[in-house]
Each structure stands twice: as structure tokens, then as C-alpha cells.
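The structure under discussion appears below in the form of C-alpha cells.
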Amino acid sequence: MHKTATIDYGILVEGELWLILDKGEVRLLPGDVVVQRGTNHTWTNRSRSVARIAFILIDSAPFRHCGAPA
Numbered sequence: 052m053h054k055t056a057t058i059d060y061g062i063l064v065e066g067e068l069w070l071i072l073d074k075g076e077v078r079l080l081p082g083d084v085v086v087q088r089g090t091n092h093t094w095t096n097r098s099r100s101v102a103r104i105a106f107i108l109i110d111s112a113p114f115r116h117c118g119a120p121a
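This note's numbering puts the first residue of the sequence shown at 52, with every later residue one more than the last.
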């Protein structure tokens, strides 16, 4: 798992992916969109098919919650 100091927009173009988060998993299908900012996550392709996802990454200050690093 990892997190980034960016705002990430991901659009699944082809195949199927699973987004693994601290509190669960989300199955993504073509056309699904994910928006993340400082979220601890990882990706997995549980199928035998190719998965393609397009990302737009925007630089951002590190995420803070109530004034403390999150």
C-alpha cells in the first residue's frame, strides 16, 4: 500500500481492477472513475485480461486533518 501527495483522477478504460483501501475494496469496471487525495491504497488485477487505466495527477500539498498530517 502507498499514498501520494497528489490529487489523482483515474478512469478505467479497459478490463477490471480492484482498488484496495484501508477500509475495504472496490471493484472497478470500464467507465468507472476514482478520485483520491492522500488515500492509502494499492491496485490489483484479479482477472487474466489486460486492464488499462488513465490517470491525471495534480500536484498538491500533503493532506492534513485538523492541522496534523494524515
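C-beta: ideal position from N, C-alpha, C; glycine also. Remember, predicted model here, so these are calculated numbers, not experimental data.
Roughly how many whole angstroms lie between the Cα atoms of residue i and residue j?
i, j, result
"residue 117", "residue 84", "28 Å"
"residue 67", "residue 60", "17 Å"
At what residues does the beta strand (DSSP E) containing residue i begin and finish?
i, result
"residue 68", "68-72"
"residue 86", "84-88"
"residue 99", "It is not in any beta strand (DSSP E) - residue 99 carries neither H nor E in the DSSP assignment."
"residue 80", "Where residue 80 is concerned, there is no enclosing beta strand (DSSP E), given that its DSSP letter is neither H nor E."
"residue 118", "Per DSSP, residue 118 belongs to no beta strand (DSSP E) and is neither H nor E."
Would you mind giving the Cβ-Cβ distance between residue i and residue j, rounded to the nearest angstrom? I have them listed as a contact below 8 Å.
i, j, result
"residue 71", "residue 95", "6 Å"
Name the DSSP beta bridge partners of residue i, please?
i, result
"residue 93", "71"
Quick check on the burial criterion: 16 or more other C-beta atoms within 10 angstroms. Buried or exposed for residue i?
i, result
"residue 89", "buried"
"residue 108", "exposed"
"residue 80", "exposed"
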